[in-house]
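Chemist: Numbering (my numbering), first residue to last: 27 to 138.
The beta carbon of each residue, even a glycine, is placed where N, CA and C say it ideally should be.
(1) One question on the structure: do residue 90 and residue 125 come within less than 7 angstroms of each other, judged by their Cβ atoms?
(2) In or out: residue 34 buried (at least 16 other Cβ within 10 Å) or exposed?
(3) Excluding the five sequence neighbours on either side, which residues of its own chain have a C-beta within less than 8 angstroms of the C-beta of residue 81, listed in chain order?
(4) Buried or exposed: where does residue 71 fall if 16 or more other Cβ atoms within 10 Å of its Cβ makes it buried?
(5) Using 8 angstroms as the cut-off, can you tell me whether the region 39 to 46 makes contact with the region 97 to 106, which would need three or more C-beta pairs spanning the two stretches below that distance?
(6) Please confirm whether residue 134 has its beta-carbon closer than 7 angstroms to some beta-carbon of chain B.
(7) Is the beta carbon of residue 115 less than 7 angstroms from the beta carbon of residue 107?
(8) In terms of residues, what are the limits of the beta strand (DSSP E) holding residue 90?
(9) Verify whether the separation of the beta carbon atoms of residue 32 and residue 87 is less than 7 angstroms.
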């Protein structure tokens, strides 16, 4: 099993969710996040005072899937989240050793 974590721009969430749904993936976890990478932050003017916005709003998507779906899921996220501009985000893939459904006690791929 693989865990995919994707940090994307918030306005791309619906497109990514739809792209994952089209390849047959339904369960995802979404978290609002703040962060910055190469784009750093930017300055804004508020009531005449200039201040730096270091952390930009992002959305973190997490999903655990079977190994054979990993490439399709990553490709779907990458295509749906792409704008071609700095700050499009990142995708991280890691191995999951075990998954357990709390309600039924199912383990492994049956739990996801």
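Modeler: Walking through what the data contain:
(1) Here residue 90 refers to the residue found at position 64 when the chain shown is read from its first residue. Here residue 125 refers to the residue found at position 99 when the chain shown is read from its first residue. It is a contact, given that the beta carbons lie within the stated cut-off.
(2) Locating residue 34 in the chain shown gives position 8, where the first residue counts as 1. The residue is buried, with at least 16 neighbouring Cβ atoms inside 10 Å.
(3) Within the chain shown, numbered from 1, the residue matching residue 81 stands at position 55. Excluding positions up to five away in sequence, the list reads 60, 61, 62, 67.
(4) Your numbering for residue 71 matches position 45 in the chain shown. Counting Cβ neighbours within 10 Å, residue 71 comes out exposed, since fewer than 16 surround it.
(5) yes
(6) The structure shown contains no chain B; it is built from a single protein chain.
(7) Taking the chain shown and counting its residues from 1, one reaches residue 115 at position 89. Taking the chain shown and counting its residues from 1, one reaches residue 107 at position 81. In this structure, residue 107 lies closer than 7 angstroms to residue 115 by Cβ.
(8) If you number the chain shown from 1, residue 90 lands on position 64. Segment 82 to 91, the beta strand (DSSP E) holding residue 90.
(9) The residue you call residue 32 lines up with position 6 of the chain shown. The residue you call residue 87 lines up with position 61 of the chain shown. Yes, Cβ-Cβ distance for residue 32 and residue 87 is below 7 angstroms.
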